[in-house]
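Here the protein sequences line up with chains A and B, keeping their order.
Each residue of the first sequence is one higher than the one before, counting from 1 in the numbering used here.
Each residue of the second sequence is one higher than the one before, counting from 1001 in the numbering used here.
Where is the CB? At the ideal position from N, CA and C, for every residue including glycine.
Here the structure is a predicted model, which means the values were calculated and not measured.
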Amino acid sequence: MGNLTHVTINFDTSHLIFPTLIGCILGLLGLAIVIRDRRQLAASGTHWRKILGEMDKTRFFGTLALTVIYFSAMVPVGDIWPNTGMGFLLCSIPLVAASGLLFMRDRTAKKAIPLMIVAVAAPTLVWWLFTDLFFLTLP
Amino acid sequence: MDILSFISPLFVLLTVGGTLVGIIFGAIPGMTATMAVAVCLPVTYSLGLDNGLALLLGLYVGGISGGLVPAILLGIPGTPSSITTTLDGYPMAKAGHGEKALRIGIFASLVGGLVSLLILDLFAPTLADFAIKFSYVEKFLIILFALSVMAALSSDLLLGIFSGFLGIFISLIGTYDVTKGGNGEWRLIPPGTEYWLEQGFSLLPVLIGLFGLAAILDEAETGMKAGMSQKDVKIGQHEKFSLSIFKGQWINLIRSSCIGTFVGILPGVGGSAASILSYSNAKTFSKNPEKFGKGEPAGVMASEAGNNGLTGGALVPLLSLGIPGDSTTALLIGAFTLQGVQVGPLFIGNNPVTWDAMIFAMLIANLAMFVMMYYAIRYFAMVVTIPKYILFPVILMMCVIGAYTINYGIMFDVWTLLIFGIFGWVMTKIRLEVAPFIIGFILGPSAEVYFVKTLESFGDLTIFFTKSWIAVFLWVLIALSVGGSAYLQTKKK
């Protein structure tokens, strides 16, 4: 019994001990889940089709697309005016405006005008707060 | 204590301001105290630890309290912790007593907050003093216990445990930290990503992604339903409010506050369990249980005292053991990390001023919450009508700030936000649990150090069972939480 529980740690490979152990536990748990939920897993295609079917695809994928464009554009735009945070400011204004319009139902000018004011005011305020007041780096 | 060493007009202003913003977040369905803290975390970079914590604790108390507004006026819980407030609060509002129900809830919230604060002040230093004596074995077992409690409270035990271990696994990506006794070697880094993942995923982008972006995606998936209009808000006519309504209810208030605090002390259990337990107890001990669910003020009192009792309770394990009591206090770890302060058994002893500042911030936040909500409740009631198409884009922008500034400007942290935002959304679809995942992610690196260093020192696995009576006691608790949950889930089926 003493030999079974005895463990010698080699410092050079000690970084692999815990990840290996956790990986093995995850594998066993995963296997147990697969065995227990095999019927549900077999029907997972239906589950995802239902989610996609009921989903508001325009708003969901639109949000994802806008987010990816926003993240991708910030650095190149910021590089035009380095160390000013302009990348954040100039990309955030269209992001807030576009995602606000995307989220809005029954788009009307009455609803869009306050959104446009917020789209300009909120990023500008945040940009000023973080760059001028807190001296933090923005893209 | 020398109050003047930390209290200042800015300290008070940040606490009150945080409480106000927290109430607004809590009052809007779909937005939570956790999201409020996640979004406002970057603001604390330049504030220093005490002032930063003042802001975040205000957000926490306000966020939990604000949930009662839509729960009572719309029948929709603003936060998960106000779920039982709807049961009696909404019928009261429909009967024209919305304002009265709100004021009952606000007063009960104050009592819950103050009782839990008292318990926090008395209990956390004692527990911390006790925990100082813990070796790596006991520390490792406490983490295991925290994970087992959370997994046990998940809707599915197996998936809850899996989520916790998945969190640990992902936290191990990167370098085995030399400063913690590691050998500085990389592991689990996919080829080609070494440049970005050398230090693993940063905590804050992961948290902001899971609690901020995932919530936005969730709302977008369901079509970002139109907000409520003023005519939906059933606040009713102005009624004179008297404390006599609490006559005979003080035991209910104190009991519910204590239940909430106790639930908060259990790692990762959350506010919904606090309010449900308090509510069911109030119903059990009531002389008129048949009135519950039909507009009984005692139900609103129990639910609100219970969920606000959670606020102080959840800070007990965080400040004495370094283990977050719920997802919001998990974010507070981020604030401590930003300021280079480690929470754990030594925290209170080594940082007495910060400890006192936190207690005062909680006190001010509870009082500010009461004053603001009690006297301006009709204005707060209108908060539920703020359109989501204005709020969510601004939150998305704030999420980016939080992720980008954590490591002073690394764009990969922003992409991490997106990765974990999508991952958080997927998790809910495949029934994985976010809370055990987060706790696993936060505590994984510490668990590794405690585990490996114990084996390096003792060279035998039996040490985890034989080191001390505390180790044995912790194993019993782990077995009880997992075994009890497995039994209950089998019985339910």
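For the region 1044 to 1073 of chain B, the set of residues with a beta-carbon nearer than 9 Å to any beta-carbon of chain A comprises Tyr1045, Ser1046, Leu1047, in chain order. Annotation: the continuous alpha helix (DSSP H) that includes Phe60 of chain A extends over 57 to 80. Per DSSP, the unbroken alpha helix (DSSP H) holding Asn1051 of chain B starts and ends at 1049 to 1066. Shown here, Gly1174 of chain B sits in a strand according to DSSP, grouped into three states. Neighbours of Arg1187 of chain B across chain A, judged by C-beta separation under 8 Å: His15, Leu16, Pro19.
7 Å or more divides the Cβ of Leu1087 of chain B from the Cβ of Ala1381 of chain B. For Met55 of chain A, the neighbours in chain B by C-beta distance under 7 Å run, in chain order, Glu1221. Below 8 Å, enough C-beta pairs join the region 1190 to 1208 of chain B and the region 1434 to 1449 of chain B to call them touching: three or more. Under the rule that a run must span 4 or more residues, the alpha helix (DSSP H) segments found entirely inside the region 1382 to 1427 of chain B read 1388 to 1405.
The shortest C-alpha to C-alpha distance from Val1263 of chain B to any of B:Thr1175, B:Val1149, B:Gln1342 is the one to B:Val1149. DSSP places Arg1431 of chain B outside any alpha helix (DSSP H), giving it a letter other than H or E. By the criterion of a C-beta distance shorter than 8 Å, Arg1103 of chain B is surrounded in its chain by Phe1241, Tyr1374, Ile1377, once the five residues flanking it on both sides are discounted.
When the Cα atoms are used, Lys1283 of chain B and Glu1296 of chain B turn out to be separated by approximately 10 Å. Proximity of Val1300 of chain B to chain A, defined by a Cβ-Cβ separation below 7 Å, is not satisfied.
Within chain A, the residues whose beta carbon sits less than 8 Å from that of Val1394 of chain B are Val96, Val118, Ala122, listed in sequence order. Judged by their CB atoms, Phe1169 of chain B and Ile22 of chain A are nearer to each other than the 7 Å cut-off. DSSP, read as helix, strand or coil, puts Asp132 of chain A in helix.
Taking a Cβ-Cβ threshold of 7 Å, the residues of chain B close to Asp12 of chain A are Asn1183, in chain order. Between Gly1459 of chain B and chain A, the shortest Cβ-Cβ separation is below 7 Å. In the same chain as Asn1288 of chain B, and ignoring 5 residues on each side of it, no C-beta atom comes closer than 6 Å to its own. Within its own chain, the residues whose Cβ lies closer than 7 Å to the Cβ of Asp1156 of chain B, once the five positions on either side in sequence are excluded, are Arg1431, listed in chain order. In terms of beta-carbon proximity, Val77 of chain A stays away from the interface with chain B, with every pair separated by 7 Å or more. Note that the C-beta distance between Ala1151 of chain B and Gly1164 of chain B is below 7 Å. Within chain B, Tyr1389, Ile1390, Pro1393 have C-beta atoms less than 7 Å from the C-beta of Gly100 of chain A, given in sequence order. Here DSSP, grouped into helix, strand and coil, assigns His15 of chain A to helix. Per DSSP, the continuous alpha helix (DSSP H) segment holding Gly1349 of chain B begins and ends at 1347 to 1350. Boundaries of the alpha helix (DSSP H) around Leu1253 of chain B: 1250 to 1265. One thing to note: Thr1405 of chain B has its Cβ no nearer than 7 Å to the Cβ of Leu125 of chain A. Straight-line measurement puts the Cα of Gly1113 of chain B at about 9 Å from the Cα of Gly1260 of chain B. The three-state reading of DSSP puts Asp1121 of chain B in helix, counting H, G and I together.
Partner residues in the beta bridge of Trp1186 of chain B, as assigned by DSSP, are B:Thr1175. DSSP lists B:Asp1460 as the bridge partner or partners of His6 of chain A.
Met86 of chain A has a beta carbon lying at 7 Å or more from every beta carbon in chain B. Approximately 11 Å separates the beta-carbon atoms of Ala1027 of chain B and Pro1077 of chain B; this is outside 8 Å, ruling out the contact. In the DSSP annotation of this structure, the continuous segment of the alpha helix (DSSP H) that includes Val1039 of chain B starts and ends at 1033 to 1040.
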